[in-house]
Every structure is written in structure tokens, then in C-alpha cells.
Amino acid sequence: MIKGLFKKPRNELELSTTGAKPAPSGVYIPPELFTVCPRCKKSVFTSDVQENAYTCPNCGLHMRFPARQRIAWIADPDSFVELWPDLKSSDPLNFPEYKEKLEAAERASGESESVLTGTARIGGIETALFVMDAAFMMGSMGTVTGEKIARLFEHAAEEDLPVVGFTASGGARMQEGMLSLMQMAKTSGAVKRFSDAGGFYLAMLTDPTTGGVTASFAMEADVTAAEPGALICFAGPRVIEQTIRQKLPPGLGRAESLLKNGFLDKIVPRDQQKKFIVRMLRAHKKPRREG
Amino acid sequence: MEAKHRVAAARAKDRPTARSYIRSLFDEFTEFHGDRLFGDDPAIVGGIARLGQTYVTLIAQEKGTTTRERAARNFGSAHPEGYRKALRLMKQAEKFGRPVVTLVDTSGAFCGIGAEERGQGRAIAENLMEMMTLRVPVLAILIGEGGSGGALGLSVADEVWMLENSVYSVISPEGCASILWKDAGRAAEAADCLKLTAQDLVQLSVAERIVPERGKGFEETFALLRSDIEAFLDEKQRVPAEELLQARYQKFRKIQP
Ligand SMILES: [Zn+2]
Chain A
1 MIKGLFKKPR
11 NELELSTTGA
21 KPAPSGVYIP
31 PELFTVCPRC
41 KKSVFTSDVQ
51 ENAYTCPNCG
61 LHMRFPARQR
71 IAWIADPDSF
81 VELWPDLKSS
91 DPLNFPEYKE
101 KLEAAERASG
111 ESESVLTGTA
121 RIGGIETALF
131 VMDAAFMMGS
141 MGTVTGEKIA
151 RLFEHAAEED
161 LPVVGFTASG
171 GARMQEGMLS
181 LMQMAKTSGA
191 VKRFSDAGGF
201 YLAMLTDPTT
211 GGVTASFAME
221 ADVTAAEPGA
231 LICFAGPRVI
241 EQTIRQKLPP
251 GLGRAESLLK
261 NGFLDKIVPR
271 DQQKKFIVRM
281 LRAHKKPRRE
291 G
Chain D
1001 MEAKHRVAAA
1011 RAKDRPTARS
1021 YIRSLFDEFT
1031 EFHGDRLFGD
1041 DPAIVGGIAR
1051 LGQTYVTLIA
1061 QEKGTTTRER
1071 AARNFGSAHP
1081 EGYRKALRLM
1091 KQAEKFGRPV
1101 VTLVDTSGAF
1111 CGIGAEERGQ
1121 GRAIAENLME
1131 MMTLRVPVLA
1141 ILIGEGGSGG
1151 ALGLSVADEV
1161 WMLENSVYSV
1171 ISPEGCASIL
1181 WKDAGRAAEA
1191 ADCLKLTAQD
1201 LVQLSVAERI
1211 VPERGKGFEE
1221 TFALLRSDIE
1231 AFLDEKQRVP
1241 AEELLQARYQ
1251 KFRKIQP
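As they're listed, the protein sequences go chains A and D.
In case it helps, the working numbering puts the first sequence at residues 1 to 291.
In case it helps, the working numbering puts the second sequence at residues 1001 to 1257.
Below, the structure is given as C-alpha cells:
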């Protein structure tokens, strides 16, 4: 707990901190101790936000959840075994300033790519798990992201495991050009083969899930759920406004409108996610094979 | 040639659109309409075409040639119903054992309110999955602009061919420059960095073949392309479906870090 208290917030989008000091004057309070909720504007203890699965203790806003913390929170204790943690982008196109951006993303997120993959038990059920991290270059999909996702579905097919995935992505990663776009086809192929083999895939779409990830593995699950208020779209509101030059209907691209339009099975707040995922994993558990 | 010149050539208003290819490459074409779910998207043309003795399902993005037609076809930017029409026709092709040929020419899938409300992301995602396991030969030919996911939605194929001056990119050079450098004026530089030309993409194993552009109205190009398509169909139709699907998956699967 104390450790969490002094951890620096990783990203200003995820936790907006100010120097607001709701404390007796004369006592120095480091600003990162407090988080100002972007929705209700209340200044709340960062540790409370973290302990509350990165939701606002005051209004319930679902903030961005760092991938590793999310795994610790959703998986059974000490059950996560990370797969392919050492895969790193090689900057295949030698794109200007990309290497520096990768290094900055590593520092900001503490991870080496925009997705963590591995196996874990959830409610006692062995599961293949991927969790994307918006703090790593806005969760964009590079070749390594696609490679880890494809490997995970192939691994799950071989080991006869269900797949649970949390998406968070700004879309394709332009610094990897067409190699990034091809990951949409690659991951879709892996999902399709896994699905054709009878595998069960549950996707939990979190804020933001957009572009190339929406147009591939985010929208290819057997059960597709989302977090409240999450932006889930192909094109972001700003891009649409620029294209059609008119005001957008409120809520366009938010989880609630996708549910209404028929693109989600369910919106599941964080405090109910573990129960929901375990229930779905049990419902799709295959009978033990004979012999 | 610099990438920016390829981009300009790919977008040129007098460049032949899908219609010219359909007329010149095939002996007959019957167009079909509608996705059976919502409507008919004029940005995507689909139907049955005959090439000598072989029938194929042809699906093309048509940008239009006159101002009025361009507007009617939404400049070749499809809505979800366009991708769903394409998928319906591809599944029909699979049922009757017809190969699929697609002609790709779009600045991108349409970004609009209706497109979002009707699930643009889901529509493209479904095509990517289904095309990967379509049990007939699939050939995608980039004839002009290959705009990101909107182009990929018709391009999960056994082979991807690119016209000499076509481009295929994850984002437009202007979009890339304005996001990365807050300066759309640096589009030429972005075009170079993105590696979006046919030469670049054959080198990166994204495309298999460059189709040379010859003749003022592309007459020589069309003649060459016709015989190349015939040879492709002849070869791929002999390959057992399982082998075809394995090779198609591996083609994309091997695009690794
Ligand atoms: Zn709040």
C-alpha cells in the first residue's frame, strides 16, 4: 500500500494530478499523492484510485488501468505467467524518431510493448490472457503487438485454453507503416483459426479501443463486453468531425451507443468484471476429454 | 521516382478506375447489389465476371469518373454495408467454387456517423477473418490508392498485386505528417518514411507483384494483366483448399517484428 502511495503516475492522461493540497498548510504534500478526476473534478487520493481498480472513488469514472496492475487485479493471485516478454520492436522501417518514442514509451509504461500476453487462472480456470496498455504509445499496434496476440491465440488453440483479452488502442502504429496494418490480417487469421477449432474468446473493450484494433481482434470475440463510457470506434470523433464538418450526436462511439446499436453483448463495470468473466469461462468450459 | 509522385499518380483524376479494368479485363460482367442487411453501397461494385472459360466473383472499389458520379459513389469510401456486400458475394463465390478477384482503390473506409453507428470496425474485422479462410483462390489488385483498413478489408488474399503507381498505406501521408509533426505540409517526407510504394511493399513481402503501367489508356497494362490473372487462376485452382488456406495464413503470419 505504501509502495503504491509513492508511485509516480505514469501518464498525464491516465491520472491528472495537480498541486491541490487538501491538507494543513505548512505540510508538504507531493502533488502525485492526489488525482483530480477528469469527470467530477474532485481531488482524490491516488492510492484510493489505485485500490479502487483505477476508478474514481467519488463518481466511479473508469480511468485507464495499467496492464500489469490490471492483470494482478483480474487473475488469481500469483497465477500469471508472462509469455514472450522480451519481444521488442526493431524499428523495421527505420522511421524517424521512432526509437526515441519507443524508449519514452518504455519509461512511461514500464513495459516493452503495448500488450502483455500470458496464461493465468481466473476463478481457478486456466486462461490465455492479453491485456493492452494505453500508456505504451497509446496502445498502438506494432508488429510485436500483432505477433504476441497471434502467438497467444495459436498457443491457446494448442493448449485448448479460452482467451480473455482487454483491448486499449489508438489503432495501427504508423511508425511501422504497412507492417503494422498487416497485423490486422495476421491477428484476425489467428482468431479465426482458434475460433474454427472451437476456442472461446471473450473481449473486454476498454477506453480507448479504436482504428485497426477495433477493425480486427477487438470485434472478433464470441462474447464482446466493454467498460462503461469507453470510446470504441473505427474513426475517432475528431476525425469524423473533420471529414463531415458537422456536429456529432452526443455519445457517438461510446460503449453505451455501441450497446444500443447492437455491437456489444454487455457493459460491465470493473467491480463486476471478475464475476462476469468467471461466469462466462465456466459456461464455455469444455467437458474433460475421455482417456 | 519519389514516393510523393507515386501518391499523386495514384490519386490522379484521369487515372483509370475499376470500371475500366472490369471492361477491359473480362468478357462479361453482371453486377449484383446489396448486403441483404441494410442497403447497397455504390462505393463497392460486385458481381460475376467471366474471363475466357472461367467465372470469378469480382469485387471492386469504384471512385467514379465524373463529379456527379464521384459524389454518388462517395469517392470510393465504403460504408459497412459495402464491406458486408463484398462478404456476401465472397461467401457466394465460395459456395460455387468461384475464385475471387478484388480491385482496390480507396482513400479509406468512410469516417462518418452512419458508418460508426452501423459498425465500420466490425464489418472490416469480419472480412479479415472470413477472407483468411475462404476456400477459393483470392487475388487482390491495388489499382490506385490503398487506404489503410478500408483497403485491407478487400485485400486478405493469396497474392496482392500492385499497379506500378498504386500506393498502399497505413495512413495518408498528410495524416501522418499532421499527427507526427503537426504539419501536413511535410506529407512528401511522410510518404517516403511510410514505405507505401509498390517497390517498397514487394520488398517488405506485403505485395507479390508489380504490374507495369503501359500505354496511354493502360491498353498494354490491361492485356498483360489479363493474361497474368488467367495464369494465376489456372495455377491456384489446382491447389487443394487446405494448402491454399495454409499458404494464405502463412503469408500474413510471417510478417513479423
Ligand atoms: Zn470522479
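Ideal Cβ placement from N, Cα and C applies to all residues, glycine included.
Closest residue to Glu1243(D) among Asp1105(D), Asn1074(D), Val1136(D) and Ile1044(D) (Cα-Cα distance): It is Val1136(D) whose Cα lies nearest to the Cα of Glu1243(D).
In chain D, which residues lie less than 9 Å from Val163(A) when you measure between Cβ atoms? What Val163(A) touches in chain D: nothing, since even the nearest Cβ is about 14 Å away.
Do Ile1059(D) and Leu1089(D) count as a contact pair if the criterion is CB distance below 8 Å? The Cβ atoms of Leu1089(D) and Ile1059(D) lie closer than 8 Å to each other.
Does the distance between the C-beta of Cys1176(D) and the nearest non-hydrogen atom of ligand 1 fall short of 7 Å? Flag unset: Cβ of Cys1176(D) not near ligand 1.
Taking 7 Å as the line, does the beta carbon of Arg39(A) fall inside it for any heavy atom of ligand 1? It does: the Cβ of Arg39(A) is within 7 Å (strictly closer) of some heavy atom of ligand 1.
Backbone CA spacing between Phe1096(D) and Met138(A) [nearest angstrom]: Here the C-alpha atom of Phe1096(D) lies approximately 44 Å from the C-alpha atom of Met138(A).
Tell me, please, whether the CB atom of Tyr1168(D) is closer than 8 Å to any CB atom in chain A? Yes - at least one Cβ of chain A is within 8 Å of the one on Tyr1168(D).
For Asn52(A), is the beta carbon positioned less than 7 Å from some heavy atom of ligand 1? No, the beta carbon of Asn52(A) sits no closer than 7 Å to any heavy atom of ligand 1.
To the nearest angstrom, how far is it from the Cα of Glu256(A) to the Cα of Phe234(A)? Taking the straight line joining both Cα atoms gives about 16 Å.
Rounding to the nearest angstrom, what Cα-Cα distance links Phe194(A) and Thr143(A) in this structure? Between Phe194(A) and Thr143(A), the C-alpha separation is close to 20 Å.
Let me know if Pro92(A) comes out buried or exposed under the rule of 16 or more other beta-carbons within 10 Å of its beta-carbon. The residue in question, Pro92(A), is buried, as its Cβ has 16 or more Cβ neighbours within 10 Å.
Closer than 7 Å: Asn1165(D) CB and nearest ligand 1 heavy atom: The beta carbon of Asn1165(D) sits no closer than 7 Å to any heavy atom of ligand 1.
Distance between Gly1215(D) and Ala150(A) (C-alpha atoms, nearest Å): So the alpha carbons of these two residues sit roughly 43 Å apart.
Entirely enclosed alpha helix (DSSP H) segments - the region 184-249 of chain A, minimum 4 residues: 211-214 and 237-244, all fully within the region 184-249 of chain A.
Residue of Asp1041(D), Glu1189(D) and Arg1070(D) minimising C-alpha distance to Ala1003(D): Nearest in C-alpha terms to Ala1003(D), of all of Asp1041(D), Glu1189(D) and Arg1070(D), is Glu1189(D).
Run of the alpha helix (DSSP H) containing Ala1187(D), from where it starts to where it stops: Taken as a continuous stretch (DSSP letters only), the alpha helix (DSSP H) holding Ala1187(D) covers Ala1187 to Leu1194.
Bounding residues of the alpha helix (DSSP H) (the contiguous stretch that carries Glu256(A)): Unbroken alpha helix (DSSP H) run through Glu256(A): Ala255 to Asn261.
I want to check one thing, is the minimum distance from the CB of Lys42(A) to the heavy atoms of ligand 1 below 7 Å? Under cutoff, so the answer is yes.
Closer than 8 Å, CB to CB, is Gly1149(D) near chain A or not? It does: the Cβ of Gly1149(D) has a partner Cβ on chain A nearer than 8 Å.
With 16 as the cutoff for other CB atoms within 10 Å, does Val1138(D) come out buried or exposed? Here Val1138(D) is buried, its C-beta having at least 16 other C-beta atoms within 10 Å.
DSSP state of Thr1030(D) mapped onto helix, strand, coil: If DSSP states are grouped into helix, strand and coil, Thr1030(D) belongs with the strands.
Between which residues of its own chain and Arg1186(D) is the CB-CB distance below 7 Å, once the five residues before and five after are set aside? Ala1177.
Report the start-end ranges of each beta strand (DSSP E) in the region 1065-1132 of chain D that is 3 residues or longer and not cut off at the edges. Complete beta strand (DSSP E) runs here, min 3: 1100-1106.
Which of helix, strand or coil does DSSP assign to His155(A)? Residue state, collapsed to three classes: helix.
Using CA atoms only, rank isn't needed, just tell me which of Lys275(A), Gln175(A), Arg121(A) and Gly198(A) is closest to Leu286(A). The sequence shown places Lys at residue 286(A), rather than the Leu named in the question. Of Lys275(A), Gln175(A), Arg121(A) and Gly198(A), the smallest CA-CA separation from Lys286(A) is found for Gly198(A).
Distance between Ser1166(D) and Ala1012(D) (C-alpha atoms, nearest Å): The straight-line gap from Cα to Cα measures roughly 11 Å.
Trp1181(D): first and last residue of the uninterrupted alpha helix (DSSP H) it sits in: Segment Pro1173 to Trp1181, the alpha helix (DSSP H) holding Trp1181(D).
Any residues in the region 1184-1195 of chain D with a beta carbon nearer than 9 Å to a beta carbon of chain A? Which ones, in chain order? Of all residues in the region 1184-1195 of chain D, those with a C-beta nearer than 9 Å to a C-beta of chain A are Glu1189, Ala1190, Cys1193, Leu1194 and Lys1195, reading in chain order.
When DSSP labels each residue in this structure, what does Val144(A) get in the three-state scheme? Assignment of Val144(A) by DSSP, reduced to helix, strand and coil, places it in the helix class.
In chain order, what are the residue ranges of uninterrupted alpha helix (DSSP H) at least 4 long that sit wholly in the region 1195-1232 of chain D? Every unbroken stretch of the alpha helix (DSSP H) spanning 4 or more residues and falling wholly within the region 1195-1232 of chain D is given here in chain order: 1198-1203.
Note down the Cα distance separating Arg279(A) from Asp1041(D), rounded to an integer number of angstroms. Using only the alpha carbons, I get a separation of about 40 Å.
Which whole-angstrom value describes the C-beta separation of Arg1015(D) and Glu1062(D), a residue pair presumed to lie in contact below a C-beta threshold of 8 Å? Your pair Arg1015(D) and Glu1062(D) does not check out as a contact, with CB atoms roughly 13 Å apart and the cut at 8 Å.
What does a CB cutoff of less than 6 Å around Ala1010(D) pick up in its chain, not counting 5 residues either side in sequence? Contacts found: Gly1144, Glu1145, Asn1165, Ser1166 and Val1167.
Of the listed residues Glu1031(D), Thr1067(D) and Lys1254(D), nearest to Pro183(A) (C-alpha basis): In the sequence as displayed, the identity of residue 183(A) is Gln instead of Pro. If we check each option's Cα against that of Gln183(A), Lys1254(D) comes out closest.
Do you know whose CA, among Ser47(A), Ala215(A), Ser140(A) and Gly189(A), lies nearest Glu113(A)'s CA? Taking each of Ser47(A), Ala215(A), Ser140(A) and Gly189(A) in turn and checking the Cα distance to Glu113(A), the smallest one comes out for Ser140(A).
Helix or strand or just coil, what does DSSP make of Tyr54(A)? In the structure shown, Tyr54(A) sits in coil (DSSP, three-state: anything other than H, G, I, E or B).
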